[in-house]
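Encoded as structure tokens, the structure appears first; notes follow it.
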Amino acid sequence: MSIVFDSEKKIFKLDTATSSYIFQIYEQDYLVHLYYGSKIPDNNVAGLKYRGGFPSFSPNNINVQDWMFSADVTPLEYSGEGTGDFRTAAFAVRNADGNNSTDVRYKSHKIYKGKPAIDGLPSLYVENDDEATTLEVLTEDSVTGVQAVLYYTVFENLGAMTRSVKVINASDKTVEIERVMSTCVDYHTHDYEMLTLYGRWAKERSLERRPLAHGRQMISSKRGSSSHHHNPFAAIVDKGATEDYGCAYGYNLVYSGNHLFEAEVNQFAGTRVIMGINPDSFGWKLEPGAEFNSPEAVMVYSDKGIGEMSRIFHRLYNKHLIRGKWRDIKRPLLINNWEATGMEFTGDQLVTFAERAKELGIDMLVMDDGWFGDRNSDRSGLGDWQVNEEKLGGTLAEFVNKIKALGIKFGIWYEPEMISRDSNLYRAHPDWCIHVPNREKSIARHQYVLDYSREDVRDYIFGEMKKVLSTCKIDYVKWDFNRNLTEVGSAALPADRQKEVFHRFVLGTYDVMNRLTKEFPDLLIENCSGGGGRFDPGMLYFSPQIWTSDNTDPIERLTIQFGTSMCYPASTMGAHVSACRRTGYDTKGNVALWGTFGYELDPNKFTDADKRIVKRQVKEYHKYYDVIHFGDLYRLISPFDNPKRAAWEFVSEDKNEALLTVVTITRPEDSAIFIKLKGLDPDKYYMDDETDEVYSGALLMNAGLCFPNEDISDGASFVRYFKVIEN
Ligand code: GLA
Numbered sequence: 039m040s041i042v043f044d045s046e047k048k049i050f051k052l053d054t055a056t057s058s059y060i061f062q063i064y065e066q067d068y069l070v071h072l073y074y075g076s077k078i079p080d081n082n083v084a085g086l087k088y089r090g091g092f093p094s095f096s097p098n099n100i101n102v103q104d105w106m107f108s109a110d111v112t113p114l115e116y117s118g119e120g121t122g123d124f125r126t127a128a129f130a131v132r133n134a135d136g137n138n139s140t141d142v143r144y145k146s147h148k149i150y151k152g153k154p155a156i157d158g159l160p161s162l163y164v165e166n167d168d169e170a171t172t173l174e175v176l177t178e179d180s181v182t183g184v185q186a187v188l189y190y191t192v193f194e195n196l197g198a199m200t201r202s203v204k205v206i207n208a209s210d211k212t213v214e215i216e217r218v219m220s221t222c223v224d225y226h227t228h229d230y231e232m233l234t235l236y237g238r239w240a241k242e243r244s245l246e247r248r249p250l251a252h253g254r255q256m257i258s259s260k261r262g263s264s265s266h267h268h269n270p271f272a273a274i275v276d277k278g279a280t281e282d283y284g285c286a287y288g289y290n291l292v293y294s295g296n297h298l299f300e301a302e303v304n305q306f307a308g309t310r311v312i313m314g315i316n317p318d319s320f321g322w323k324l325e326p327g328a329e330f331n332s333p334e335a336v337m338v339y340s341d342k343g344i345g346e347m348s349r350i351f352h353r354l355y356n357k358h359l360i361r362g363k364w365r366d367i368k369r370p371l372l373i374n375n376w377e378a379t380g381m382e383f384t385g386d387q388l389v390t391f392a393e394r395a396k397e398l399g400i401d402m403l404v405m406d407d408g409w410f411g412d413r414n415s416d417r418s419g420l421g422d423w424q425v426n427e428e429k430l431g432g433t434l435a436e437f438v439n440k441i442k443a444l445g446i447k448f449g450i451w452y453e454p455e456m457i458s459r460d461s462n463l464y465r466a467h468p469d470w471c472i473h474v475p476n477r478e479k480s481i482a483r484h485q486y487v488l489d490y491s492r493e494d495v496r497d498y499i500f501g502e503m504k505k506v507l508s509t510c511k512i513d514y515v516k517w518d519f520n521r522n523l524t525e526v527g528s529a530a531l532p533a534d535r536q537k538e539v540f541h542r543f544v545l546g547t548y549d550v551m552n553r554l555t556k557e558f559p560d561l562l563i564e565n566c567s568g569g570g571g572r573f574d575p576g577m578l579y580f581s582p583q584i585w586t587s588d589n590t591d592p593i594e595r596l597t598i599q600f601g602t603s604m605c606y607p608a609s610t611m612g613a614h615v616s617a618c619r620r621t622g623y624d625t626k627g628n629v630a631l632w633g634t635f636g637y638e639l640d641p642n643k644f645t646d647a648d649k650r651i652v653k654r655q656v657k658e659y660h661k662y663y664d665v666i667h668f669g670d671l672y673r674l675i676s677p678f679d680n681p682k683r684a685a686w687e688f689v690s691e692d693k694n695e696a697l698l699t700v701v702t703i704t705r706p707e708d709s710a711i712f713i714k715l716k717g718l719d720p721d722k723y724y725m726d727d728e729t730d731e732v733y734s735g736a737l738l739m740n741a742g743l744c745f746p747n748e749d750i751s752d753g754a755s756f757v758r759y760f761k762v763i764e765n
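Quick note, in our numbering, the sequence shown goes up one by one and the last residue is 765.
Laid out in structure tokens, this is it:
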């Protein structure tokens, strides 16, 4: 068992492939955290006992014999509000008396093979109970009767674990949850840096690093979605950790709404990390007997640097988060009309796109925004999901049949959570959007957000989607979300439940996505939110790929893709070649290969030379698919560190193939490009596909290769493929 309980010492030890996580039931049933870090194979770990100093102004519990113990300074497993611990609490419940003193202590536990799902929320899964072990610890506040079940799952073959919490109101009075963090980890030191992904529209997930300092440092979202602005990912890494050296603790929340990650360095320079739903815009009334589930936090540990942390996330998500048939089979190489036509297109025009696409070997045409209702600009039509037959020149089935007759797949765009002010749906149901009484609703892209906390709204939208998606064989849906939530309220909820709207909205979105994946199990869903504004594991549970950014400039894509790769695998990153001005098609393709490849342009405009490049890229897509989608990523030269060049490499799981990509951002001083590969088998021999030269893995990794710098113009790039040969 990879989770053991020492009943004598009352110590829980949770082992993953590379890490151990240890805590203890202390006096008066306090759960005291002891250790999280590199694996300790020995189960005799009682020596880890916490020995703190007792400072003035730190309160004691009169019933605890160990007078050195104070909740204020002891590393705790799941800390409560206002009961002796002055650090940021993981859990706060306002009880029927009106105060929010919260203190949950150990009651009982269960250890079992496998991993339970979370009701109503996406979460990591196992296909076989042997892949994971779960510990459930039941804790209770003896004064209020509120219980918190702490779930811990460790993955046997990966350095990864998950945590989540179920709150149960076991009392006979209604209470209100004010904060319920998915995870809380107390580190003994603060000799760390915090790594986060910030951004904005068209510049998502830039990497930022800061040393931890006394006090609270955090990232969060209050936008109703995980957002372009702060991804629900953060890592705590050793000072100076690099891609290959140092310890890295990665945290990622499986949630698509308001989130919070916070690291607080306390008076003794210890660090508390919490992650969960952002309590700023949250509250949840819990009636007697009712339960509430927190989203799941994923925790990855590597003592081999930040690069290995990312690779563990990638393996984990490729196997235990992405679901359905599209997890394992090749995704269609697509062409999308958005950047070429906007909403001004005709059915006949798109048929010409499909004809050209077919000639070039592209697998699927995606018809983007504008096919429904009165949708000729972004001012109208959202919510009216009825096909605009005039634009398509016939019914949807007739149009799709023309595409299918060419032998290619067909995909369609939706923005199911939105409603245009100018739409039939809004005229019929003005109260169906998120709003608060008597306050002007902010408009964004001329649209409002539908109130997905309401079942009637969800039923209607899903019903309309089902009608369209059932008329003919549609292979793919691009699910978009183009604004954030403001004036957040629901006409269907009483005043004392308005704080629940943000979370209920997310649950509503998951409900519709769940219905969609159940009703159409073969459908490939690509999530999008003005590019990558909802690039999070919650969405990945339903949509195996996400449009990484509306920015398709290959040079700007470098930082976006490097940042996104911190925890998200290449198989999830929508990356397309577009007609944007910077660089030629070669570099556009070389950069877009790092993802779910496609084109976003008018193929009728290709010259013969362009077509030759595209045909080559299509071949490369098929040839390199497995090594990119299922291989290990090595970020060799990061554009965050080196403004002149970027390089990355994918290595197949069996180490028999490696794909190297190098991009010159701006003309560097050096006359040659010198690259050391990583992750190869030192004893194997690899042939360079381009030159037929053979090198040992040791040579490629230790000495590296010197590539003649033939083309050092801005935006030049090359790809090299290495394959093992038999001796
Ligand atoms: C968003 C998406 C784009 C496109 C448009 C359509 O901005 O990110 O790719 O689908 O919406 O309105």
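Glycine is no exception: its CB is placed at the ideal position from the N, C-alpha and C atoms.
Asked	Found
Pair within 8 Å by beta-carbon distance, residue 486 and residue 471	yes
Beta strand (DSSP E) runs contained entirely in the stretch 284-339, provided each spans 3 or more residues	286-292, 297-303, 309-315, 322-324, 329-331
Reference residue 345; option with closest CA among 48, 660, 606	606
The alpha helix (DSSP H) enclosing residue 151, as first and last residue numbers	Where residue 151 is concerned, there is no enclosing alpha helix (DSSP H), although the beta strand (DSSP E) it sits in stretches over 143-151.
Residue 177 beta carbon less than 8 Å from that of residue 116	yes
Reduced DSSP category for residue 399 - H, G, I as helix; E, B as strand; rest coil	coil
Neighbour-count burial assignment, residue 89, 16 or more Cβ in a 10 Å radius	exposed
Given 8 Å, three or more beta-carbon pairs between the stretch 328-339 and the stretch 244-259	no
Distance between residue 749 and residue 282 (C-alpha atoms, nearest Å)	30 Å
Every unbroken beta strand (DSSP E) within the stretch 166-229, with a cutoff of 3 residues, ordered by chain	170-178, 184-193, 198-207, 213-225
Beta-carbon proximity check, residue 617 vs residue 377, cutoff 8 Å	yes
Residue 406: CB within 7 Å of a non-hydrogen atom of ligand 1	yes
Reduced DSSP category for residue 639 - H, G, I as helix; E, B as strand; rest coil	coil
Three-way DSSP call (helix, strand, coil) for residue 416 in this model	coil
Residue 618 CB to nearest heavy atom of ligand 1 below 7 Å	no
Check: residue 565 C-beta below 7 Å from any heavy atom of ligand 1	no
Contacting residues, own chain, Cβ-Cβ under 8 Å from residue 41 (five flanking each side not counted)	50, 51, 52, 53, 149, 171, 172, 173, 190, 192
Extent of the continuous beta strand (DSSP E) run through residue 678	Neither: residue 678 is in no beta strand (DSSP E) and is coded neither H nor E.
Any non-hydrogen atom of ligand 1 within 7 Å of residue 224 CB	no
Cβ-based neighbour list, residue 678, same chain, cut-off 8 Å, excluding 5 preceding and 5 following	244, 245, 597, 600, 601
heavy atom of ligand 1 below 7 Å from residue 568 C-beta	yes
Which residues DSSP lists as bridging residue 754, in chain order	Its beta-bridge partners do not exist; DSSP assigns none.
Member of 718, 727, 713 whose CA lies at the smallest distance from the CA of residue 741	713
Given 8 Å, three or more beta-carbon pairs between the stretch 120-131 and the stretch 198-216	yes
Where residue 238 falls: helix, strand or coil (DSSP)	strand
For residue 360, the three-state DSSP class (helix, strand or coil)	coil
Check: residue 520 C-beta below 7 Å from any heavy atom of ligand 1	yes
Residue closest to residue 367, alpha-carbon to alpha-carbon, out of 739, 663, 275, 757	663
Of the listed residues 658, 755, 716, nearest to residue 700 (C-alpha basis)	755
C-beta atoms of residue 666 and residue 631 nearer than 8 Å	yes
Cβ-based burial, residue 120 [other Cβ within 10 Å; buried from 16]	exposed
Distance cut-off 7 Å: residue 574 Cβ against heavy atoms of ligand 1	no
beta-carbon residue 416 near ligand 2 non-hydrogen atom, thresh 7 Å	In terms of ligand content, the structure shown lacks ligand 2 and carries ligand 1 instead.
Straight-line gap, residue 705 to residue 711 (C-alpha atoms, nearest Å)	12 Å
Check whether residue 450 and residue 395 have beta carbons under 8 Å apart	no
Contacting residues, own chain, Cβ-Cβ under 8 Å from residue 72 (five flanking each side not counted)	49, 60, 61, 62, 83, 86, 87, 88, 113
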